[in-house]
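These notes are about the structure you will find just below.
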Amino acid sequence: MNKFIWGFIIFTLVVSIPSLIDRVKVENKNTTYEVVIPFSDVQALSKVGLSTREILHDLQEANVSSISFKPLTIQDLEERYIIQVIEKGQILQQFSSNQSLLPSEDGLYIELLDPTHPLVRFIPEAIESNYHHSIVVQSIGLGNKNFYFIPFGTKFTKYQPISFDVEDIQLAINHGFSIVPRLDNAFNIQDQEHPLIQQITQFSENMKHMVFMNHEVPGFSENEQEKTDIIQMAEHLSNWDMNVVMIESSYQKGFHDLIQETGNSLVRLHSITLGKGNEDKSSHVYRSARALKERNIQMLYVNIIEKHPLEVFHTSTEAKDSFKDTITFLTNVQSLTHKKTGEAVPLQDLKSSLLLKIFSLIASVGFVGLCVGKLKSRLALPAMFSFGVAAIVGLFFQVSFLIKIVASATAVLAPVYAILSINYPKTMGQVVTTFFKVIGITIVGCWLVVITLYGWEYLVYLDQFKGVKMLSVLPLIIVGLKITGFSWLQTQLKFWHVILVTCIAVVLWFYVGRTGNHGVAIPFELLLRQELENWLGVRPRTKELLGYPIILFAIYLIKQGYENGKYFLILGVVACSSLVSTFTHFHTPLFVSIHRSVLSIFIGIGVGLLTIFVWYLTKQWFYSLNKERTKTWQL
1120 MNKFIWGFII FTLVVSIPSL IDRVKVENKN TTYEVVIPFS DVQALSKVGL
1170 STREILHDLQ EANVSSISFK PLTIQDLEER YIIQVIEKGQ ILQQFSSNQS
1220 LLPSEDGLYI ELLDPTHPLV RFIPEAIESN YHHSIVVQSI GLGNKNFYFI
1270 PFGTKFTKYQ PISFDVEDIQ LAINHGFSIV PRLDNAFNIQ DQEHPLIQQI
1320 TQFSENMKHM VFMNHEVPGF SENEQEKTDI IQMAEHLSNW DMNVVMIESS
1370 YQKGFHDLIQ ETGNSLVRLH SITLGKGNED KSSHVYRSAR ALKERNIQML
1420 YVNIIEKHPL EVFHTSTEAK DSFKDTITFL TNVQSLTHKK TGEAVPLQDL
1470 KSSLLLKIFS LIASVGFVGL CVGKLKSRLA LPAMFSFGVA AIVGLFFQVS
1520 FLIKIVASAT AVLAPVYAIL SINYPKTMGQ VVTTFFKVIG ITIVGCWLVV
1570 ITLYGWEYLV YLDQFKGVKM LSVLPLIIVG LKITGFSWLQ TQLKFWHVIL
1620 VTCIAVVLWF YVGRTGNHGV AIPFELLLRQ ELENWLGVRP RTKELLGYPI
1670 ILFAIYLIKQ GYENGKYFLI LGVVACSSLV STFTHFHTPL FVSIHRSVLS
1720 IFIGIGVGLL TIFVWYLTKQ WFYSLNKERT KTWQL
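Note that the working numbering gives residue 1512 to position 393 of the sequence shown, counting from 1, and the numbers run on in steps of one.
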């Protein structure tokens, strides 16, 4: 039975090779990245004396492709001294005899400080549209002053989008930049006459991508059944021939629904804020280069200054230094990545055939059965039946959650199966062979997970493997319980047991805390990681660099007859879990994961063999020092 299952697993891996090649081809076409600078940062530099035209010229020389613009609000127009929000009482103080001309209802009064400014005319159009034409903005003239009155307007009305700065957009286009508009969900997406819709249509030939602000995409509704606005937004994007931009590590409501309507025209963006005085920090450079190399990022959005709280430049010298360091940052990032600057191109579609899905699920269920059989042979068939039912229901009723359960079980049990497959080697050659057997079984688990959760949505991180924390902890616990057994539960509790359990809990807490993108790092570890990455191209994972030598050393101790050597395997399983985890990061190019894993394995072998050699010399030294004592040597 086991041989038949292994035969089918190997057959499935072989037939999946063309699909893996297709994935590599798609990932290898991701050869360009687009650099975007917000125009608000250009304005911040120009406010203290730098020339806007010179800034744009220098940015283009530094291979910046695009400038982003967000709509102006009443608040923004007020900051530019084009208008000012004014209280009704203030108007009455100036024009007490004209009280009858003022509306009786509550609302928002706006004084037009520069009535001829081209942006002023968009205020009534935008506000009326944002309120779905349920109100009419009134124009009031008192003496030589002009006002707008927004019925029932509140302080929140001040933050509604009004218009893009068309003159600034045209200036950026004239300097050869593409425009990246940024929109939120605070305007009427259904109104074709809304100034924002009209302006994007006007400049659509110079706009290839759209970024969404805040926590909702335009058109999102809390009513899950109401998707009219989402569909309308998708139609706009289609008419404009524009890609949707997904901001890395940012959740936006309605995004998945919008992508379903627009298709696969998605670009992944990594946003980085340099901060005044920190523009040339090497950590910014390494972080950005790593995102481009390792996470299928196609767009780098560079904020020169902090926005929350908003930083400002106080002198032209300060602004010049900041801008110079920003240019240096962009140059350094480009030197650390094989990609070229240019227009961001969405990843091509990638789908698994139905036959491969069926094969991968059958093979995964069989693999889970083999793993469970190593733990408790009588549970193998029930486990295969349970996960088999989950696979069938998940596949034919398109319940992705059930498919992920099968993949998660494969991922968690592969390291367990690999470690528990270690027998008793008799020669040093068998020690190395056994080590590669452990790696081989783990890789089979990785491979099955990769082909089970296969598709474009995983490459762009729209969907993902959910069990990263579980994958870190469960194999450690399962292997620990299998090796130690449960007899220790019958031992009389002593104080040192409590201390030991507390220490183990702290270590586990720290270990789990290190898992993920924002894990805790020990002092100097980040520096060591970066040095390894600079030297090797990609950084081997720390858990594997520590875990593989432990596995090899444990196998050697078992070969030497030290029964207690098996306890080292409890720690060593961490390396196998890390190997599987590497390949569950589907948004990392497959070749990068393979490169990282191969480096970890062979460095681990080298360190492991060195550890064995040091152990051998140490043991020989102790033997010669005290022969009688070492006759009963125990680990």
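Heads up, the beta-carbon is just placed ideally off N, CA and C, and yes, glycines get one too.
- About 19 Å separates the beta carbons of residue 1595 and residue 1677, which is beyond the 8 Å limit, so they are not a contact pair.
- In this structure the segment 1469-1485 does not touch the segment 1173-1183; the number of beta carbon pairs closer than 8 Å is below three.
- By DSSP's assignment, residue 1365 forms a beta bridge with 1387.
- In this structure, residue 1671 lies away from residue 1573, with their beta-carbon atoms at least 9 Å apart.
- As DSSP reads the structure, residue 1459 sits in a beta bridge with 1151.
- Bridge partners of residue 1259 according to DSSP: 1266.
- Across the structure, residue 1338 and residue 1482 are spaced so that their CA atoms are roughly 42 Å apart.
- Only residues of its own chain outside the window of five on either side were considered, and among them 1404, 1407, 1408, 1411, 1419 have a CB closer than 8 Å to the CB of residue 1452, listed in chain order.
- By DSSP's assignment, residue 1422 forms a beta bridge with 1392.
- Scanning the segment 1204-1240 from its first residue to its last, the whole beta strand (DSSP E) runs of 3-plus residues come out as 1226-1231.
- Fully enclosed beta strand (DSSP E) runs of no fewer than 3 residues occupy 1264-1270, 1280-1282, 1297-1302 of the segment 1263-1312, in order along the chain.
- By the neighbour-count criterion, in which 16 or more other beta carbons inside 10 Å mark a residue as buried, residue 1662 falls on the buried side.
- Separation of the CB atoms of residue 1231 and residue 1204 is rounded to 11 Å, and the pair is thereby denied contact status at 8 Å.
- According to DSSP, residue 1330 shares a beta bridge with 1301.
- With 16 or more other Cβ atoms inside 10 Å of its own Cβ, residue 1267 counts as buried.
- For residue 1669 and residue 1693, the gap between their C-alpha atoms comes out near 10 Å.
- Residue 1283 sits close to residue 1188, with the two beta carbons spaced by under 9 Å.
- Boundaries of the alpha helix (DSSP H) around residue 1672: 1661-1678.
- Across the structure, residue 1664 and residue 1370 are spaced so that their CA atoms are roughly 33 Å apart.
- In the structure shown, the three-state DSSP call for residue 1188 is strand.
- Residue pairing by DSSP places residue 1157 opposite 1187 in a beta bridge.
- Taking the C-beta atoms as reference points, residue 1698 is found no nearer than 9 Å to residue 1655.
- If you ignore the 5 residues before and after residue 1143, its C-beta comes within less than 7 Å of the C-beta of 1709, 1710, all in its own chain and listed in chain order.
- Per DSSP, the continuous alpha helix (DSSP H) segment holding residue 1594 begins and ends at 1587-1603.
- When the alpha-carbon of residue 1679 is set against those of 1659, 1658, 1738, the nearest one is in 1738.
- Counting C-beta pairs closer than 8 Å gives three or more between the segment 1357-1368 and the segment 1315-1330, which meets the contact rule.
- Non-local beta-carbon contacts of residue 1657 in its own chain, meaning distances under 8 Å to residues more than five positions away in sequence, involve 1412, 1413, 1711, 1714, 1715, 1718 in chain order.
- Taking 9 Å as the cut-off, the Cβ atoms of residue 1550 and residue 1424 do not count as close.
- Excluding sequence positions up to five before and after residue 1289, its CB lies less than 6 Å from no other CB in the same chain.
- In this structure, residue 1167 places its C-beta atom within 9 Å of the C-beta atom of residue 1438.
- In the structure shown, residue 1173 falls within a helical segment according to DSSP collapsed to helix, strand and coil.
- About 6 Å separates the Cβ atoms of residue 1521 and residue 1512, confirming a contact at the 8 Å cut-off.
- Separation of residue 1382 and residue 1260 (C-alpha to C-alpha, rounded to the nearest whole angstrom) is 50 Å.
- Distance from the CA of residue 1401 to the CA of residue 1417, rounded to the nearest whole angstrom, comes to 21 Å.
- Residue 1349 is a Cβ neighbour of residue 1373, given a cutoff of 9 Å.
- Checking the DSSP bridge columns, you'll see residue 1202 partnered with 1231.
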